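Notes follow the structure.
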Amino acid sequence: KLQRPIDVSTVHEMYMEYFKDAYFVNVLPLTQQPKSASVSGSNYVQMQVEIDQHTQRLVVTVVIDNLVKGAAGQAIQNANLMYGLPPQTGLTNMGVAP
Numbered sequence: 007k008l009q010r011p012i013d014v015s016t017v018h019e020m021y022m023e024y025f026k027d028a029y030f031v032n033v034l035p036l037t038q039q040p041k042s043a044s045v046s047g048s049n050y051v052q053m054q055v056e057i058d059q060h061t062q063r064l065v066v067t068v069v070i071d072n073l074v075k076g077a078a079g080q081a082i083q084n085a086n087l088m089y090g091l092p093p094q095t096g097l098t099n100m101g102v103a104p
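Every position in the sequence shown, counted from 1, becomes a number in my numbering once 6 is added.
Laid out in structure tokens, this is it:
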């Protein structure tokens, strides 16, 4: 629950700034909602922020592929870190749907 009124564009900018260097995280434009088909078969994350004006709660919607972004992707990303490779090595496949 929000402690004070805030504009959704301000929150969106905060999320964009926070995740700007997160290779696999895509904070979508304000009016675009995440689609699981867009990340299916990939290690990518789509994210959107909204504010429920009725309850004054921040709503964050996130979609992932629970196999690639889940345990399998984590294993590859951790192995990359252990061997000094860039974290995205072997994980840059895009989702199966646009």
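Cβ coordinates follow ideal geometry from the N, Cα and C atoms, glycine included.
All figures in this text were calculated on a predicted structure; none of them were measured in a lab.
Can you check whether the CB of residue j is closer than 8 Å to the CB of residue i?
i   : j   : result
Q38 : Q54 : yes
What's the C-alpha gap between residue i and residue j?
i   : j   : result
V33 : L8  : 20 Å
T67 : K41 : 10 Å
A85 : G79 : 10 Å
I82 : A43 : 22 Å
A28 : T61 : 30 Å
G76 : Q52 : 14 Å
L87 : Y24 : 21 Å
R10 : R63 : 10 Å
Would residue i be called buried (16 or more neighbouring beta carbons within 10 Å of its own) or exposed?
i   : result
S15 : exposed
K26 : exposed
V74 : buried
Q94 : exposed
I57 : buried
I'd like to confirm the pairing. Which residues does DSSP put opposite residue i in its beta bridges?
i   : result
Q54 : T67
N32 : Q52
Find the nearest neighbour of residue i within the set the options, judged by alpha-carbon distance.
i   : options            : result
T98 : N84, M88, N72, N49 : N49
S46 : L36, N72, T61      : N72
I70 : R63, M20, F30, Y89 : F30
V65 : E23, P92, L36      : L36
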